[in-house]
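Just so we're on the same page, our numbering is the position in the first sequence counted from 1, plus 36.
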Amino acid sequence: MLDLRLIRKDPDAVRAALARRGGDVADRVETVLALDERRRALLPEIEGLRAQQNDANQAIARAKKEGGDADAAIATMREVAGRAKKLTEELQGVEAELEPALASLPNLPDPTAAEPEDVVLREVGERFEPSFEAKDHLELAGERIDMERGARLSGARFAYLRGELVFLEFALVRWALEKLRGHGFEPVIPPVLVREQALFGTGFLPDTEQQIYTLPDDDLYLVGTSEVALASMHAGEILDGETLPRRYAGFSPCFRREAGAAGRDTRGIFRVHQFDKVEMFAFVDPDSSQAEHERLLSIEEEILSELGFAYRVVNIAVNDLGASAAKKYDLEAWLPGQGRYRELTSCSNTTDYQARRLEMRYRPDGGKPVTLHTLNGTAVAVGRTIVALLETGQQEDGSVVLPDVLTGFGAPARLEPAS
RNA sequence: GGAGGGGUGGCAGAGUGGUCGAAUGCACCGGUCUUGAAAACCGGAGUCCGGCAACCCCGGACCGCGGGUUCGAAUCCCGCCCCCUCCGCCA
């Protein structure tokens, strides 16, 4: 949600910023402004009538108490109340249009967000380009990633993860959580079934409804990322400024319908309907969010580096940003099996967009409440990380060498060739 | 799934149609007293919207949320959400 005050105060700047996202987004600012103007014309009028009502009400109460005649005051009250009601109904009509119009505006992009196309900021590490012909993750995993039976059970894009790969997943998750704890993140296992409000608040609704699984009988939704649940942890709260920044590391399954992705990444578990993820989430004061964004990025780089991946950092173009993001970095790891860089993690600065929708503020020392900023980033998207680990660690005989950092957390040091 | 109880300010807890944004206690902040502290006493303190140059001030709204009844709703009625107790079921 954008700040209505800002739109009112500097509509040109808001229009210009939104225009960077393309489409007709900037035009919708006009609608908001017009409705806001009508609302602001009605408000003082209604409030004046209310004040009259309050006066009359006291007069009635006094008259009744003293045994006097209240009929005249009641007649006035009745008349004023009638006018107030009419105007109030008009106001409600205006607000019923204003609120969705305002909510439909996406966040203002950060001035440094890339335009008009993605910008590769840097490439790090040496790509693994084997002398032999590289296999992809499915060839390397064999039945340990069981797509066929997954499909039989649940349909396309579902898989059984089997045997050693289960221990690999748990090692990845545990390793990531320990690392994040060291960086000040509190581990959290959140609910993955949420109410509409949480999806609206995080900006996924109304924006990406076609990607979201719904449970209509219960009015619940399956989250596509624990970002939704983590952001909502402090919905409606005023946090003590002393407690910022607050950082959480969520571990949860994620569910995505992948509508519109038909035919893309159909092989293996690179793109599936269900996967597990360790997600970082931060609540910070507005002056700190840019630095926090870089901090999340550096943690993600640390993770990819320690897992032995070559990767590149991409500043995502404004027209590819989700509704809530002001700026987003993707980290793309080199996949030898695909011969290209693919997105493994990302991090976004959502500034005050989600915080305003979820009514989350903090109180600076002794001051008035201030809307805070939120950020999110992937620590480990387990499925894709396993894909990258398999393809990067592959040997000529089809076995896979896994990074040392994980063996201490229960991962096998080496995977046998698929039979 | 069945039956019942309840949601009031940071917390506890009054208030069941009228001058209630709301008693009282605790916690908190400031002051008096004190060498200092405690105690005692005095005072202050919520959030949001609008007006205004303004954190002064003025008006309005907020007693879980949304409707309704009424001249008037924290108080009555309806729907929803949440919490608790008992029974059943259950990883």
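We treat Cβ as the ideally placed atom computed from N, Cα and C, and that holds for glycine.
The structure presented is a predicted model; accordingly, all values stated were derived computationally and were not measured.
{"query": "By DSSP's criteria, TRP211 is part of a beta bridge. Which residues make up the other side?", "result": "Its beta-bridge partners do not exist; DSSP assigns none."}
{"query": "Counting only runs that start and end within the segment 130-197, where is the beta strand (DSSP E) found for 3 or more residues in a row?", "result": "155-160"}
{"query": "For ASP91, does the three-state DSSP call read helix, strand or coil?", "result": "helix"}
{"query": "Is HIS270 helix, strand or coil when you go by DSSP?", "result": "helix"}
{"query": "What is the DSSP secondary structure of ARG231, counted as helix, strand or coil?", "result": "coil"}
{"query": "Residues in the same chain with beta-carbon distance under 6 Å from ILE274, minus the five sequence neighbours each way, listed in chain order, please.", "result": "ARG397, ARG399 and PRO405"}
{"query": "Is the separation between the beta-carbon of GLU200 and that of ARG185 shorter than 8 Å?", "result": "no"}
{"query": "How about MET269: is its Cβ closer than 7 Å to a heavy atom in the ligand FMN?", "result": "No copy of the ligand FMN appears in this structure; indeed no ligand is present at all."}
{"query": "Would you mind working out which of ALA95, ARG158 and ILE110 sits nearest GLU337, comparing C-alpha positions?", "result": "ARG158"}
{"query": "Please report the Cβ distance between ALA424 and PHE345, rounded to the nearest whole angstrom; I am assuming they are in contact, meaning their Cβ atoms lie under 8 Å.", "result": "6 Å"}
{"query": "What does a CB cutoff of less than 6 Å around LEU54 pick up in its chain, not counting 5 residues either side in sequence?", "result": "VAL61 and ALA62"}
{"query": "For PRO80, name the three-state secondary structure that DSSP assigns.", "result": "helix"}
{"query": "On the CB-based measure, 16 or more other CB atoms within 10 Å of its CB, does VAL314 come out buried or exposed?", "result": "buried"}
{"query": "Quick test of your reading: PRO372 and THR428, contact by CB under 8 Å. State the CB separation rounded to the nearest angstrom.", "result": "6 Å"}
{"query": "May I ask you to list the residues that DSSP assigns as paired with ARG472?", "result": "A query on residue 472 cannot be resolved here, the shown segment of the chain reaching from 37 to 455 and no further."}
{"query": "Check the C-beta distance from LEU332 over to GLY413 and give it rounded, since I have them as a contact under 8 Å.", "result": "4 Å"}
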